[in-house]
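K.L.:
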Amino acid sequence: MFSIIFPSDKSAKHQKFRNHNRNNRPLLSSYLMAIDAVTDAALVGTLATIVGLVNTPVIAIIFCSRNLRKCKELVLIGAICTVDAFMSWTSAVGVVDRVVSFPDGTGEPVLQIHCFFRYYVVLFFFGNLLVGMVTFLVSVERFFAVFFPLRYLSSYTRSKALAVILGEQVLQIHCFFRYYVVLFFFGNLLVGMVTFLVSVERFFAVFFPLRYLSSYTRSKAFAVILGLTCLSDMFLLFLPDLIINFNFFDLHAYHMIFYRASLVKTSLNLFIYTFRHNELRKEVKTRVFRCVN
1 MFSIIFPSDK
11 SAKHQKFRNH
21 NRNNRPLLSS
31 YLMAIDAVTD
41 AALVGTLATI
51 VGLVNTPVIA
61 IIFCSRNLRK
71 CKELVLIGAI
81 CTVDAFMSWT
91 SAVGVVDRVV
101 SFPDGTGEPV
111 LQIHCFFRYY
121 VVLFFFGNLL
131 VGMVTFLVSV
141 ERFFAVFFPL
151 RYLSSYTRSK
161 ALAVILGEQV
171 LQIHCFFRYY
181 VVLFFFGNLL
191 VGMVTFLVSV
201 ERFFAVFFPL
211 RYLSSYTRSK
221 AFAVILGLTC
231 LSDMFLLFLP
241 DLIINFNFFD
251 LHAYHMIFYR
261 ASLVKTSLNL
271 FIYTFRHNEL
281 RKEVKTRVFR
291 CVN
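Heads up, the sequence shown is in full-length UniProt numbering, so the first residue is 1 and it goes up one at a time.
(1) For the alpha helix (DSSP H) that contains ASP84, what are its first and last residues?
(2) Excluding the 5 residues flanking VAL93 on each side, which residues of the same chain have their C-beta closer than 7 Å to its C-beta?
(3) Does the distance from the C-beta atom of LEU85 to that of ASN128 stay below 8 Å?
(4) Check whether the region 237-251 touches the region 42-61, counting contact only when three or more Cβ pairs, one atom from each stretch, lie closer than 8 Å.
(5) Apart from the five residues just before and just after ASN278, which ones in its own chain have a Cβ nearer than 6 Å to its Cβ?
(6) Would you decide whether LEU166 is buried or exposed? Buried here means 16 or more other CB atoms lie within 10 Å of its CB.
(7) Where does THR39 sit, in a helix, a strand or coil, going by DSSP?
(8) So, at 6 Å on beta carbons, what are the nonlocal neighbours of GLY58 in its own chain, with the 5 sequence-adjacent residues on each side left out?
(9) The alpha helix (DSSP H) spanning ARG142 covers which residue range?
(10) CB-CB under 6 Å to ALA261, same chain, minus the five flanking residues each way: which ones, in chain order?
(11) At the level of alpha carbons, what is the spacing between PHE147 and PHE117?
(12) Relative to the alpha-carbon of residue 298, which residue among VAL131, VAL264, ASP97 has its alpha-carbon at the smallest distance?
(13) Taking 8 Å as the limit between beta carbons, can you name the residues of its chain near VAL83, skipping five residues before and five after?
(14) Work out the CA separation of ASN247 and ARG281 for me, nearest whole Å.
(15) Apart from the five residues just before and just after SER267, which ones in its own chain have a Cβ nearer than 6 Å to its Cβ?
(16) Give the straight-line distance between the Cα atoms of LYS90 and LEU53, rounded to the nearest whole angstrom.
(17) Secondary structure at ASP9, three-state DSSP: helix, strand or coil?
(18) Just how far apart, CA to CA, sit ASN269 and SER232?
(19) Return the CA-CA distance between VAL264 and CYS230, expressed in angstroms with no decimal places.
(20) Going by alpha carbons, who is nearest to VAL122 out of PHE143, LEU150, GLU141, MET87?
(21) Do TYR156 and LYS72 come within 8 Å of each other at the CB atom, strictly closer than that value?
(22) Just to confirm the assignment, what range does the alpha helix (DSSP H) spanning THR286 have?
(23) Judging by CA-CA distance, which residue of ALA163, ARG158, ALA48, SER154 is the nearest neighbour of SER65?
(24) Who are the Cβ neighbours of ARG287 in its own chain at under 7 Å, not counting the five residues just before and after it?
(25) Nearest-angstrom Cα distance between SER101 and ILE243?
(26) Report the residue from ALA253, LEU228, CYS291, LEU251 whose alpha carbon sits nearest the alpha carbon of PHE271.
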């Protein structure tokens, strides 16, 4: 009798254990999804915060340092750094808001209209237009500096550069409200692509003549900076936008990875400007040493 009852009890216990595991699988999967969401949010939020914290003092140095007032070309570079800082802080705030709104992950469906009108989504749309426009302004400024140097040196000033940046904000606001909701999405994408492609074309128009002119050493160095900026925008912003919106190369399933690439672009641009521009690099080193000592 013992040999008959014991296996029966044992199998009953195993069946009960299997049923318990089967019932707990949804809880386990949701728990793992929540852990992955929190880990991803922590990494993205940390990177965005670091980029924002480093970019902010660099922007202050560019616009407020007396030693850099002679470097007129840095005004638009400061505008690019400002856009990068804006995107980074928006990402950091968006991550915090997302964790608070979805503490258990995004397993349950949410209406698209509820996501579209989140404030940080609107800020992202606004910032994406700025990226293409500011890069376009820098490339046009370099074009005039190389092909019309006398007029550039005599007429281009820091105040005019600031006026151009403010005028760009007016155009930005006009584009934002004009293409709000559906039309704005395509307007945003079109403006970003067109300005980026024109920026690349202007870069090659500037860079190749400079290869044969030894007297333009400073312009050569800045053309290299512009080229590196265009490359980072191409591989970390332009191509990811194409993949996310049009499923190029059938990589739309990895859209979150390409979405995160924009943060890498902002950090890469920061290193490009601070390490490639001599005056800015020296000024940043001086300020850092003063703060440390």
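Each residue gets a CB set at the ideal place from its N, CA and C atoms; glycine is no exception.
Source: prediction; values computed, not measured.
P.N.:
With the structure as the only source:
(1) Annotation for ASP84: the continuous alpha helix (DSSP H) segment containing it runs 74-101.
(2) Closer than 7 Å at the Cβ level, and outside the excluded window around VAL93, lie TYR120.
(3) Sequence inspection shows Ala at residue 85; the Leu mentioned does not correspond to that position. Taking 8 Å as the Cβ cut-off, ALA85 and ASN128 do not qualify as a contacting pair.
(4) Touching, no, given that fewer than three Cβ pairs across the two stretches are closer than 8 Å.
(5) The same chain holds no residue with a CB closer than 6 Å to that of ASN278 once the five nearest residues on each side in sequence are set aside.
(6) Exposed, because fewer than 16 other Cβ atoms sit within 10 Å of the Cβ of LEU166.
(7) Note: THR39 maps to helix in three-state DSSP.
(8) Reading off the sequence shown, one finds Val at residue 58, where the question assumed Gly. The beta carbon of VAL58 lies closer than 6 Å to those of CYS81 in the same chain, with the five residues before and after it left out.
(9) If you look at ARG142, you'll find it in the alpha helix (DSSP H) that goes 119-147.
(10) Hits under 6 Å: LEU236, PRO240.
(11) Answer to the nearest angstrom: the Cα atoms are 45 Å apart.
(12) The question about residue 298 has no answer, for the chain in this structure spans 1 to 293.
(13) Closer than 8 Å at the Cβ level, and outside the excluded window around VAL83, lie GLY127, LEU130, VAL131, VAL134.
(14) ARG281 and ASN247: Cα-Cα distance of roughly 40 Å.
(15) Same-chain partners within the cutoff: VAL51.
(16) Per the sequence shown, residue 90 should be read as Thr rather than Lys. So the alpha carbons of these two residues sit roughly 13 Å apart.
(17) With a pLDDT of 44 at ASP9, under the threshold of 50, the modelled position of that residue is not reliable, and the figure given next carries that caveat. DSSP places ASP9 within a helical segment (H, G or I) once states are collapsed to three.
(18) In this structure, the CA atom of ASN269 is about 7 Å from the CA atom of SER232.
(19) For VAL264 and CYS230, the distance between alpha carbons rounds to 14 Å.
(20) Residue MET87 holds the alpha-carbon nearest to the alpha-carbon of VAL122 among PHE143, LEU150, GLU141, MET87.
(21) Cβ atoms of LYS72 and TYR156: closer than 8 Å.
(22) 278-292 is the span of the alpha helix (DSSP H), which, as asked, contains THR286.
(23) Measuring from the Cα of SER65, the nearest candidate turns out to be ARG158.
(24) Result list for ARG287: ILE61, in chain order.
(25) Each residue's alpha carbon lies about 27 Å from the other.
(26) Nearest C-alpha to PHE271 among ALA253, LEU228, CYS291, LEU251: LEU228.
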